[in-house]
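Numbering (our numbering), first residue to last: 10 to 357.
Pasting the structure below:
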């Protein structure tokens, strides 16, 4: 008799429970606790960033594919997986709309609190992939001037629409990070980076914590304007000193919109279904539980700064998330796993 397909899944991935049970044995475990004994006879893993997939986890197992319900892939050892025939899929772009919403709610919220006028500002976007493009689109909708730094895209498409990092940093009133984490981006925001930034400029990191040298950031904070941090080095054991210094601090939830989580789970389910030939799930998408979670179309053109701030805060009151992390920084992982997903906003 053929062996039944076995899947090990992070229990904190939403909308997943019950989906594969008609076709496979499914074992749900906290992502950080998934170990070699759990995956030894598994055929597939469905994970998030908290499960590190390398030789220490995968060697000697029967895993043939990994689906991560995240954009980021730095928790996966690609050379090992490639060498051992393990197929890997990520949920590219799944939470782009949620991160865009986070950036602008944070930007307008802190500007309001600090009485900063956003008068035809220049926003510098570092990394203009799925998330960066969404940020770019919203910024243009609001009348911002946009500077873009993305060496891979500049090489592939030509340099005309992109600028140097130095030009972006010296010219932007707002700098927002949307890069993947790799050898070219690790600690790219270092002392030299912050030295080039304009005094009083906003700094936002909602990409990966390790793209920032946190010591250098703390040294630079007296010079900078509002600092907004969602992603941290050494999560969940985050830098408490930095936490106390920034204007908005959140527990890596920028992309935690309802639609983003639907997308991430759908991408993972479809990838597993393709790999194992489960035709019933090739077009899977989680149902929306309630109309209150449907995305909201906004038209912010012609509104003044106060009106825009009100609309964005109504749809995502970001300071609640900031307050919760400051009250319980030791509950970083719990705040993420228990997070109440927000509905996304978008503009045409």
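Backbone N, C-alpha and C fix where the C-beta goes; we use that ideal spot for every residue, glycine too.
Buried versus exposed, by CB contacts within 10 Å (16 or more), residue i
i, result
"residue 288", "exposed"
"residue 170", "exposed"
"residue 337", "exposed"
"residue 323", "exposed"
"residue 182", "buried"
"residue 30", "exposed"
"residue 310", "exposed"
"residue 6", "This structure cannot settle anything about residue 6, because the visible part of the chain is limited to 10 through 357."
"residue 248", "buried"
Under the three-state DSSP convention, the category residue i falls into
i, result
"residue 218", "helix"
"residue 266", "strand"
"residue 6", "A question about residue 6 goes unanswered here, because the residues of the chain that appear run from 10 up to 357."
"residue 230", "coil"
"residue 147", "helix"
"residue 279", "helix"
"residue 205", "helix"
"residue 306", "strand"
"residue 183", "strand"
"residue 340", "helix"
"residue 71", "coil"
"residue 176", "helix"
"residue 193", "coil"
"residue 299", "coil"
"residue 346", "helix"
"residue 92", "helix"
"residue 141", "helix"
Those residues which DSSP pairs with residue i across a bridge
i, result
"residue 99", "77"
"residue 360", "One cannot answer for residue 360 here, as it falls past the ends of the chain, which runs 10 to 357."
"residue 378", "For the chain, the structure presents residues 10 to 357; residue 378 sits outside this window and is missing."
"residue 62", "85"
"residue 237", "213, 257"
"residue 198", "221"
Nearest neighbour of residue i, chosen from the options [CA to CA]
i, options, result
"residue 305", "59, 285, 98, 110", "110"
"residue 201", "179, 211, 332", "179"
"residue 99", "131, 93, 57", "57"
"residue 34", "41, 52, 44", "52"
"residue 265", "131, 140, 345", "345"
"residue 237", "205, 294, 120, 177", "120"
"residue 18", "37, 250, 245, 71", "37"
"residue 103", "277, 158, 64, 298", "277"
"residue 194", "234, 214, 64", "214"
"residue 316", "77, 16, 118", "118"
"residue 73", "333, 283, 327", "283"
Where the alpha helix (DSSP H) through residue i begins and ends
i, result
"residue 119", "105-122"
"residue 333", "327-336"
"residue 48", "45-48"
"residue 319", "314-324"
"residue 166", "160-166"
Endpoints, beta strand (DSSP E) assigned at residue i
i, result
"residue 56", "53-56"
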